[in-house]
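This report refers to the structure that appears directly beneath it.
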Amino acid sequence: MEAKRLHRNLMYEGTNVISALLNPDMFPEYMNRANELGFSGEVFLDTFPENRKVIGTHSGTFHSDEALAVSLLRTLPEYRDHVIMRTRNQELLKKCDIVVDVGGEYDFEKKRFDHHQKGFECTFDSQHKTKLSSAGLIYKHFGREIIGAILNRSLPPADLDYVYHKVYDHFVEEIDGTDNGVNSSSGDSNYKVTTTISSRVARLGISWREEWSEEKEQERFRFAMGLMIGEFWQRVHIEADEILPARGIVREAMEKAKEVHPSGEILVMKESCPYMEHVFELEKERGEEGKTKFVVVENTDGSWRVRAMNAGPGTFEVRKKILAKCLGLRDEELSRASGIEGCIFVHINGFIGSNKTKEGALKMAIQSLE
């Protein structure tokens, strides 16, 4: 029995993010601050803390949506010093300053953010079909303020709007869909996915083989908050500090595409950066959807990579394969078969390849157009 308990503790400790978030050698400073803002704070169960500002949510089994909703609120100065009460007692909930994921009511003016009630059909905007969870409701109303608090700086309105929508698309909508039982795609899955952040939050719950205690449940909920806000914090910085700045680089490459090849179907990036989604979006903006076939970019070791463009968002199918007659070949064999010097490899599925030089990589891309 002791061995089983030890095994459970090891699984639990491996799941929570405390040690990782607090290790400055492993994570940037913003991850430490995410832990500080979202993870700390008193949590009460079925007891209203008098003379305190209170965020209310439900007791019992916790989920990723309210763990995120509560921790998002705590990034804002208005709610940073609030304590958290977990209860289903309506009389206690009425006393709370703000309530998420319980209470059967959605009313921004009254600061009530539940999504379980009959007739609730709210989505993020007219472009989205996924119904909001408590996380999506909080993000919809407070997201821009939360992004500003996390970045600790102001963004130009257009950039803020871009980050606001991308963080929803790339993080919050998944939480909404999972909590509302909406599959990410139609049809049967080819394999099981058990490592989503919502799954990891669920594993933080008290096992049926563990002895329940109020202290343990509240501690686990705090861990869930830390996990959610840590990953959310990282996503905001990725979108604002990595993805957004790359947009200009991709735009420049598209404007110069015909200097690379008359077709305009090959992009050469002046530096390595995230480009795939920007290409999709900028093609649509320019009325050139599906035009780009290959992207050429320098690797960190000085070699050059050719990447076939995906057919569209959410698929690994490509618009055109790289050197379709040479798939899976490497080095001299590939150079002989293609007639291009300096080849390193072409993947068996034709989505990526590389060459020792920029000129060689361009020849690989150009030959692949034929």
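For the record, in the sequence shown the residue sitting at position 55 is 36 according to the numbering used here, with numbers rising by one throughout.
For glycine and all other residues, C-beta sits at the position ideal for the given N, C-alpha and C.
As computed with DSSP, F25 is found in a beta bridge with M66. When C-alpha distances from R232 are compared across P255, H218, E220, the shortest belongs to P255. With 16 or more other CB atoms across the displayed protein chains lying within 10 angstroms of its CB, A50 is buried.
Taking C-alpha positions only, P138 is separated from S194 by approximately 47 Å.
Three or more beta-carbon pairs separated by less than 8 Å link the stretch 143 to 157 to the stretch 207 to 225, which places the two stretches in contact. K274 is positioned such that its CB atom lies closer than 8 Å to that of E246. Excluding residues up to 5 positions away in sequence, C307, C324, F326, V327 lie with their Cβ nearer than 7 Å to the Cβ of L315 in the same chain. Closest option to I128, judged by alpha-carbon separation, among D142, E240, A116, L118: D142. For a cut-off of 8 Å, the C-beta gap from G293 to F332 is around 14 Å, too long to register as a contact. The DSSP-derived three-state label of S135 is coil.
In this structure, L350 is the residue among H63, L350, E90 with its C-alpha nearest to the C-alpha of S244. In the same chain as T42, and ignoring 5 residues on each side of it, the C-beta atoms closer than 8 Å to its own belong to G186, in chain order. The DSSP-derived three-state label of I333 is strand. Per DSSP, the continuous beta strand (DSSP E) segment holding V81 begins and ends at 79 to 81. Distance from the Cα of E23 is smallest, within the candidate group E269, E200, V277, for E200. Beta bridge pairing from DSSP links E313 with no other residue. Residue burial is scored here from C-beta neighbours: T159 has at least 16 other C-beta atoms within 10 angstroms and is therefore classed as buried. For T159, the uninterrupted alpha helix (DSSP H) segment begins and ends at 154 to 160. Rounded to whole angstroms, the separation of the alpha carbons of R311 and Q108 is 45 Å. For R288, the uninterrupted beta strand (DSSP E) run begins and ends at 285 to 289, by DSSP. Straight-line spacing of the CA atoms in V80 and V35 works out to 9 Å.
Counting the other Cβ atoms within 10 Å of the Cβ of W189 gives fewer than 16, which makes it exposed.
Nearest in C-alpha terms to M206, of all of I65, H151, R93, is I65. Counting only the Cα atoms, H259 lies some 36 Å from D88. Per the coordinates, the alpha-carbon of I131 lies some 33 Å from the alpha-carbon of V276. The continuous stretches of alpha helix (DSSP H) do not include V174, and DSSP gives it neither H nor E. In this structure, I210 places its C-beta atom within 8 Å of the C-beta atom of S52.
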